[in-house]
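Taking the working numbering, the leading residue of the sequence shown gets 1056, the next gets one more, and so forth.
A virtual CB, placed ideally from N, CA and C, is assigned to each residue, including glycine.
The block underneath contains the structure these notes are about, expressed in C-alpha cells.
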Amino acid sequence: MKIKEIHVGLSGVIPIASYENLRPAFDITAELNETDNLDECFDKLKSTLRSQFDREANQAKTDLIEKQYKNIRFREKNGKKYPSVTSITDWSKEWRISEDELLQYGARGTIVHALIGEYIKTGEWVAPETLPTLREDLLVLATGSLGLKYQDCSHKKFFEQFGKDFEFAESIEKEVYNDEHLYSGRYDAKCLYKGKLSIIDFKTGSSYHHKQLAAYSVCEEGIEQLVVCPVGVTDNKTGYKKPFVTEQIRDNFKMFLKDRAKFHKRFGI
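What follows is the structure, given as C-alpha cells:
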C-alpha cells in the first residue's frame, strides 16, 4: 500500500480558572515522498502539534496571570512566555507600602541603575536629566509624596571605594532565558570582580540575597561568584556598604528552584 499523505490531530483541555477551560484543537497534514519513514513522519507531526498546544497553554495561563497580578512579569521568546526571576521570588510578598510608594522607590532605583550604566561605559557620572529614558522617573520623584532623591543613594561613594575591583569587559544589562526551568531575567552585569568572573547586582533597596543572581548565573558559562553591590541609602559613617560576595552558586540556585516549584504549583506554569 502506497501512502501519499498523512493527517494528525491533537486536542486537549487547558484549565485557566475555576470552572473555566479552554479546549483547543489542532491538525496538520503532510505529503510523503517514497523515501520518507512513516513512523518518523508521524512522530515529527505529533511533536509539532504538541509544541503548538504547549504554546497555547502557556499563552492562556500567562494572560490570566498578568490580568490578576500586577507584580508578575513575563518575557517572551519564540512565542513562549517566561516568568521573570524576581516575579518567581517575590510574587507572594505582602508589601507594606502602597503601590504609589513602590512606584517612587522603583523610579529612584531605575535612575541609579541608569547612572551606573553610563558610568561603566564612559567613566563619568552624568546628570539624569541628560538621559531621555529617565524623564518619567524623574517626574515621579519630583512629584512623589516621599520626597525621595537619587542623590541620597551611595552609588558614587561605592564606586569611589570599590570601583578598582571591577573589570567591566563583559555583558551589561543582559537578558537571559532558561528553557529547562522556564524562567527569564536581566542581570545588571557580568564582569570580573577581584579577578573572578561574576554576576553583579546593584541594589538600591535594603533586602539582599543571592538566589536571584544564582538563577542568572546558570544561564551563563564560567561564573565563579555572585556579587551584590549595595548602592542605596546608607547611614554608615563611611557613606558606603561593602559588596556581599558568595561562591555558593549551587546552594543559592537550589533555593531559587524551591521558589520556582512554589510558583509552578500556584500558577501551573
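- DSSP places E1225 outside both helix and strand once states are collapsed to three, so it counts as coil.
- According to the DSSP assignment, V1167 belongs to the alpha helix (DSSP H) that extends over 1154-1177.
- Secondary structure of E1230 (DSSP, three-state): strand.
- For R1130, the secondary structure class from DSSP, reduced to helix, strand or coil, is strand.
- According to the DSSP assignment, I1143 belongs to the alpha helix (DSSP H) that extends over 1140-1145.
- Nearest to N1291 by C-alpha distance, out of D1207, I1083, K1136, is D1207.
- Using a Cβ distance threshold of 9 angstroms, S1261 and G1287 count as a contacting pair.
- Here L1201 is exposed: its Cβ has fewer than 16 other Cβ atoms, across all protein chains shown, within 10 Å.
- For V1283, the enclosing beta strand (DSSP E) begins and ends at 1280-1285.
- Under DSSP, G1240 forms a beta bridge with V1231.
- Scanning the region 1246-1295 from its first residue to its last, the whole alpha helix (DSSP H) runs of 4-plus residues come out as 1266-1272.
- For T1090, the three-state secondary structure derived from DSSP is coil.
- If you draw a 10 Å sphere on the C-beta of R1321, you find fewer than 16 other C-beta atoms in it, and that means exposed.
- Taking the Cα positions, L1268 is about 7 angstroms away from Y1242.
- In this structure, Y1271 sits away from Y1137, with a CB-CB distance that is not shorter than 9 angstroms.
- Between the region 1141-1150 and the region 1175-1195, the count of C-beta pairs closer than 8 angstroms stays below three; the two stretches do not touch.
- In the three-state reduction of the DSSP assignment, I1083 falls in the strand class.
- The C-beta separation of E1222 from L1247 comes to about 4 angstroms, placing the pair in contact by the 8 angstroms criterion.
- Here the C-alpha atom of N1133 lies approximately 42 angstroms from the C-alpha atom of T1289.
- Counting of Cβ neighbours within 10 angstroms places Q1280 among the buried residues, the total reaching 16 or more.
- Less than 9 angstroms divides the Cβ of K1245 from the Cβ of K1229.
- Boundaries of the alpha helix (DSSP H) around T1198: 1190-1198.
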